[in-house]
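Single-structure report; data block below.
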Amino acid sequence: MVITDETIEYVGILAKLELSDEAKEQAKKDMSDMLDYVSKLNELDTDNVPAMSHAFPVNNVFREDVVTSGDTREQLLSNAPEQKDGCYKVPKTFD
Amino acid sequence: MSKTYETVIGLEVHVELATKTKIFCGCSTEFGGAPNTHTCPVCTGMPGSLPVLNKGVVEKAVAVGLATNCTITQNCKFDRKNYFYPDNPQNYQISQLYYPICRDGKVEIEVDGKKKFVRIHEIHMEEDAGKLVHDPFTDSSLVDFNRSGVPLIEIVSEPDMRSAEEVIAYLEKLRLIIQYLGASDCKLNEGSMRADVNLSVREVGSSEFGTRTETKNLNSFKAIARAIENERERQIDLIESGEKVVQETRRWDDTKEYSYPMRSKEDAQDYRYFPDPDLVPIVISDAWMEEIRRSQPELRDEKRIRYKEEYDIPDYDIDIITNSKKMADIFEEAIALGAAPKKVSNWLMVETMRLMKEHSVDADDLSFSAKNLAALIALVESKAINGTVAKEVFEKIFTDDIEPEQYVEEHGLKTVNDAGALTKTIEEIVAANPKSVEDYKSGKEKAIGFLVGQTMKAMQGKADPGEVNRILKEILSK
Amino acid sequence: MKLTAVELGKKIKAGEISVADAVQSCLDRIKTLENDINAFVTVDAEGAMLQAEEIQRKIDSGELTGPLAGVPVAIKDNMCTEGLLTSCSSKILSNFIPTYTSEAVLKLREAGAVIIGKTNMDEFAMGSTTETSFYGSTQNPWDVSKVPGGSSGGSAAAVAAEEVPYALGSDTGGSIRQPAAFCGVTGIKPTYGRVSRYGLIAYGSSLDQIGPIARDVTDCATVLEIICGHDDKDSTSYDADRDYEKNGITDTGNDFTSALVDDVKGMKIGIPRDYFGEGIDEDVKKHVLAAADVLKEKGAVVEEFDLGMVEYAIPAYYIIASAEASSNLERFDGVKYGYRTSEYTDLHNMYKKSRSEGFGDEVKRRIMLGSFVLSSGYYDAYYVKALKTKALIKKAFDDAFEKYDVILGPVAPTTALVKGESLSDPLKMYLGDIYTVSVNLAGIPGISLPCGFDRNGMPIGLQLLGQTFDEKSIIRAAYAYECSREYKRPELLTERGL
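Chains as they are written, first to last, in the numbering used here: chain A, 175 to 269; chain B, 2 to 479; chain C, 321 to 818.
Okay, structure coming up:
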């Protein structure tokens, strides 16, 4: 499968990655090679096979509706690149 | 000749579920609180943290599904919806796309006496995002994750509504159902109920749908009505001037009364949904579903029928009282405490409504207890206080939920039942007003009213007007 | 230190060695070797000595009596440790100090383990060479011109170099078993769900499992017994109270040390012919088959069979793992923790620059592949197709385990490669995972242990696979083999005077 500039650009928007022109060429090639390789799966007839998310069936794992956590704001915020007034600070989100 | 257009509207309604804790962690969902004080590694997207589903969320979602005639997806799953935004700590929202918990429901609405069904396409569970606040001092945004992970259900309707009135009737219907279930308080102004409007227009008679837009940020019924009207006109203008409606998400600005497109080129709107591998499927057995159905409280429509049968009060009163779960609760509780249904209904319909208007309080926000209302009614019944005093006391109940017995005692508002003292006062009034006595005796029956009023005044309002009347007549007939 | 973890634990318990001495001896060894090996991202000398004091006190007072009380351990740097840098060997987390500790590490601490430090790895566990680390590559202690394998290369090298008696690793597609094989040590990838993933920084959530890397099978079984068990914080963690039987799943129990029995009489062992096809090194093949002969001589019933689906495992694995990774790694955005670029014009520019500067090439490659296969129009063709393939692979194993108790094969087609060889050709590197990735797709347990040396003196790994929640069969088979192995365990470094 040929990966176009548009596709790499689009994936960059989805994944929030910005590549240099050189890296972009390499990424196009790598992705193209990889997609060709994984297309091997098309040899398999999977029409009647259910998609398997978990390797074995487990269901209904729940928590009871009980408050268990307290205020750990200062600890959590200690890793923030920027903070202000008890909040995580980010570039403005709307204008 | 200009064409006539029909508005086609579908709604995506988000409702915050009234659980004690968030959907995937043990943080409190309590409203308010200093920023980020209701957060933990899970709801702030810390590396290595994992979600565990709150059972109460599933039960409430199923309850809403059953009450809106949905089919419950007995084998459902959570998916990740991937998009970058700072209010979304993992940069994916845990939601449901492929197997939503409820499908194919419907609710009946009534507008101008005409009834119709609005179909529900699906209801899915998901987590709420945090809150972004603009900081003018640094021209940046500040993120508060207290709301991040609060459980939501999103109720997606079919495009079955044709006017703002139908939209509001549908929302009212949902609000009542969900409030009665105790699944949410459904307050538009606090954001615990939010509606996004999907709207398109088409020529009357056309069977094809037009291109639709989605309008967000609608915080009141008024805003919804205005936004619908505005978007309808905007789309008709586009079509009439030969332009195309673009399928997009728009944000409503209620102060400026217009909407604008929300997304930039950095938003691809390609959410790359896939089953969340950190969570396991939910299997809702018939037995579990039955248990939820059985524990479902009485809903509004059932209440209306029962009130009519049991309490014999007017339909109008029933509609008003049941239009808020809060008011219906007060009504039933007061009756359970021994108050006569008609008396309770009267207090709710007259004084309560008057004070709600005066204090701009919604029925859902009534803060007085049924116990104090019932006690007040008992005081009136036993003639311990008269009607005028009762109204005065009720105002205090309405605003401060005071205990009427104690209040009446402390303020000396009890009716004077000392017949001797009352007779003495009346005799004094009669003696001081020979003109009125004369008028009465010459056949002007109305003159007695003045004498009663004077007596009440002299008694500082604390007499039983019926008793005053009786004694007066007795004296005057001598 | 030549002692295994359990041997050291016994001596500490008997008062022959103090915890502080054990810790100091590890620290000394690390000091001597780290320039050459670079197995650690963080060595917490001060913290370890403090822990040593406290644990010694608890041992003396009889509060701590477990087999590993006082024994030092190294933790792969993708497991959160409160107050201690947890970087995933990535620039993007190069300043991240967790405020919580992963469940598996907590369990070790409760058992009296002393955490010496955090080990190097391929960035975000993506790689099989430990060359993609932001902190530089780790070298194979057997030959420093070679890779230690990966992604738990730091943990495997630290154990092989005798810097620590044991370590924790994580395995998404072979990341415990393959470096264990390359470094001549033993590692277990438990059944998915056996060990809590809480606090493990996710790569492929449906595949990741934490497991032990140690000098022998006894150590691995002992460590696994401590770190396993249900955790309310991980929805996918195994809960013995649930009715698994209904789904045909049998738990043989988590008393793993009880399976340390030198007896394989009657045990049925299958050797997949498809594991010995094109691309396998002759020395690897020879020694793995020789190991099978040892077990046969000890009474196991050994036969060859066709497993099937082998060539589809890598494509399915890379689609699933990359897709999950693309989503799991979205949270690294410069907002809440980790690296944020110094200059940016707006929010999206901040995201893009922080991530592009913070992630290395291999991580970016997988994120992009993963984002692509989940994107609109490709989801069914790639992701769903891979999940269906996963079901077929699981079925192939289920069929095999109808007939066999244990499946025996190589861990990797070759021994450790020369550094730099595979980085230039990612696809070639991926192909080295052919015998390991299907195990993660099927969720089953696997053990990797040394079974000889190639012509260059590099260790070869033997892999034994068991049915879901039947770690005990592979532990028993591995232990029996180990008892009859020509050498007790590889200890070449010390013998070479290093």
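All C-beta atoms, glycine included, are put in the ideal place defined by N, C-alpha and C. Owing to the predicted nature of the structure, the values given are computational and were not obtained by experimental measurement.
- Residues Glu624, Asp626 of the same chain have their beta carbon placed closer than 6 angstroms to that of Arg593/C, with the five preceding and five following residues left out of the count.
- Gly489/C: member of the beta strand (DSSP E) spanning 486-491, first to last residue.
- Taken in chain order, the members of the segment 248-278 of chain B whose beta-carbon sits within less than 7 angstroms of a beta-carbon on chain C are Glu267, Asp271, Arg273, Phe275, Pro278.
- With a 10 Å radius around the Cβ and a threshold of 16 neighbouring Cβ atoms, Asp491/C comes out buried.
- Fully contained in the segment 178-219 of chain A are the following alpha helix (DSSP H) runs of length 4 or more, in chain order: 179-189, 195-212.
- DSSP places Asn567/C in no beta strand (DSSP E); its state is neither H nor E.
- The alpha carbon of Val757/C has as its nearest neighbour, out of Gly447/C, Ile436/C, Met587/C, the alpha carbon of Gly447/C.
- Rounded to the nearest whole angstrom, the CA to CA distance from Lys415/B to Arg355/B is 25 angstroms.
- A contact between stretches requires three or more CB pairs, one per stretch, nearer than 8 angstroms, and the segment 433-440 of chain C meets this requirement with the segment 356-368 of chain C.
- Gln249/A is the residue among Thr181/A, Gln249/A, Asn216/A, Lys190/A whose C-alpha sits nearest the C-alpha of Tyr657/C.
- Closest by C-alpha distance to Met460/B, out of Lys436/B, Gly413/B, Ser443/B, is Gly413/B.
- In the DSSP assignment, Tyr408/B falls within the alpha helix (DSSP H) that extends over 405-411.
- Taken in chain order, the members of the segment 278-292 of chain B whose beta-carbon sits within less than 7 angstroms of a beta-carbon on chain A are Pro278, Val281, Pro282, Ile283, Val284.
- Around the CB of Ser193/B, 16 or more other CB atoms lie within 10 Å, so the residue is classed as buried.
- Put simply, the CB of Val223/A is near chain C, with a gap under 8 angstroms to one of its CB atoms.
- With respect to the 8 angstroms criterion, Ile634/C and Tyr750/C are classified as neighbours on the basis of their beta carbons.
- Counting C-beta pairs closer than 8 angstroms gives fewer than three between the segment 72-92 of chain B and the segment 419-430 of chain C, which falls short of the contact rule.
- For Tyr420/C, the neighbours in chain B by C-beta distance under 7 angstroms run, in chain order, Pro42.
- Under the three-state reduction of DSSP output, Arg251/B falls in the strand class.
- Counting only runs of at least 3 residues, the segment 196-259 of chain B fully encloses the following beta strand (DSSP E) elements, listed from N- to C-terminal order: 214-217, 250-254.
- In this structure the segment 706-714 of chain C touches the segment 212-227 of chain A; the number of beta carbon pairs closer than 8 angstroms is three or more.
- For Val53/B, same chain residues with a beta-carbon under 7 angstroms away, outside a window of 5 residues either side, are Phe25 in chain order.
- With three or more CB-CB distances shorter than 8 angstroms, the segment 799-809 of chain C counts as touching the segment 575-589 of chain C.
- Contacts with chain C at 8 angstroms (Cβ-Cβ) include Asp207/A.
- Note: Ala534/C is bridge-paired with Tyr486/C, Thr506/C in the DSSP secondary-structure output.
- Within chain B, the residues whose beta carbon sits less than 7 angstroms from that of Thr246/A are Cys41, listed in sequence order.
- Per the coordinates, the alpha-carbon of Ala340/C lies some 17 angstroms from the alpha-carbon of Tyr486/C.
- When the alpha-carbon of Asp745/C is set against those of Arg685/C, Ile767/C, Ser793/C, Gln459/C, the nearest one is in Arg685/C.
- With contact defined as three or more Cβ pairs closer than 8 angstroms, the segment 721-735 of chain C and the segment 595-613 of chain C are in contact.
- At a Cβ-Cβ threshold of 8 angstroms, Ala325/C and Asp539/C count as neighbours.
- When Cβ-Cβ separations below 8 angstroms define contact, His122/B makes no contact with chain A.
- For Lys117/B, the three-state secondary structure derived from DSSP is strand.
- Judged by their CB atoms, Met328/B and Leu300/B are not nearer to each other than the 8 angstroms cut-off.
- A check of alpha carbon separations from Leu388/C across Leu728/C, Gln376/C, Lys396/C identifies Gln376/C as the nearest.
- Beta-bridge pairing by DSSP links Thr362/C to Lys438/C.
- Secondary structure remark: continuous alpha helix (DSSP H) runs of at least 4 residues inside the segment 552-613 of chain C: none found.
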